[in-house]
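In my numbering, the protein residues as written are 16 to 264. Below is one structure, written out as structure tokens; comments come after it.
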Ligand SMILES: C[S@@+](CC[C@H](N)C(=O)[O-])C[C@H]1O[C@@H](n2cnc3c(N)ncnc32)[C@H](O)[C@@H]1O
């Protein structure tokens, strides 16, 4: 997929450079681009193919419901049960647009993240930067998250062992359903495509992590032949949990 970056006003140029995506864009004016990136006071946004007339998509955490203990960010939620309610440090190896990352951060976990697609990384890093400048969301979200650009496998196996849980949510093949998926899911699919190397990632994390948590569509088969030690379900998804240490909740 080809991305073009629409040259921003001068005051945004240093920020654009810091997001590390410029080398992954074709030159402005190149007719062969599929998607357009824009950077302005709202943040880094993307206009995806065939939707040029719609507002740019931006990742934004500053509208999340972060009331302590309530709703989304309560450790009674299935996501918290999957990573372990007593856990402290979580490694999210496939951050995408950070929905799960931000929920985990809002629940008070320290979340270390990796994302290997440069445009997805840039959209997420920009959102974390905006959250960091927000009086409420800096402490609730961005102070608990550290994101690095790169492939999950580059972290090294001993690094995995330093975390209470390692979270893996690679792209799942698109469903043959009549209902269109939400815009953010469609965009992730369009930009990242299928993560064809995910089986190797599962096996490697399973071998080294104290606790591997894999997010799957509710009726999908588990990621490994070995049965998970726990399964936690919500309305739409299931988290499969494999342990390499005595059981914890
Ligand atoms: C389904 S999305 C993750 C969605 C995310 N959990 C969320 O809540 O927004 C999968 C993401 O993982 C990234 N990814 C897949 N394999 C990866 C790897 N080996 N290293 C780093 N990122 C990876 C993809 O680029 C994609 O952005």
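Cβ atoms here follow ideal geometry from the backbone N, Cα and C, with glycine treated the same way. It should be emphasised that the depicted structure is a prediction, and the values quoted were computed from it without experimental measurement.
- Boundaries of the beta strand (DSSP E) around residue 232: 226–232.
- In this structure, the alpha-carbon of residue 138 lies about 7 Å from that of residue 112.
- The alpha-carbon of residue 217 is positioned some 24 Å away from that of residue 134.
- Put simply, the backbone Cα of residue 188 is about 14 Å away from that of residue 233.
- Residue 221 sits in a helix when the DSSP states are folded into three classes.
- One Cα belongs to residue 128, the other to residue 109, and the distance between them is close to 7 Å.
- Counted as a single uninterrupted DSSP element, the beta strand (DSSP E) harbouring residue 51 occupies residues 50–55.
- Residue 76 is positioned such that its CB atom lies no closer than 8 Å to that of residue 61.
- Here DSSP, grouped into helix, strand and coil, assigns residue 156 to coil.
- In terms of Cβ geometry, residue 186 and residue 204 form a close pair [threshold 8 Å].
- The C-alpha of residue 211 lies about 15 Å from the C-alpha of residue 130.
- 132 is the residue among 227, 249, 132 whose C-alpha sits nearest the C-alpha of residue 206.
- Residue 101 and residue 173 have their alpha carbons spaced roughly 22 Å apart.
- Between ligand 1 and residue 111, a heavy atom-to-CB distance of less than 7 Å is present.
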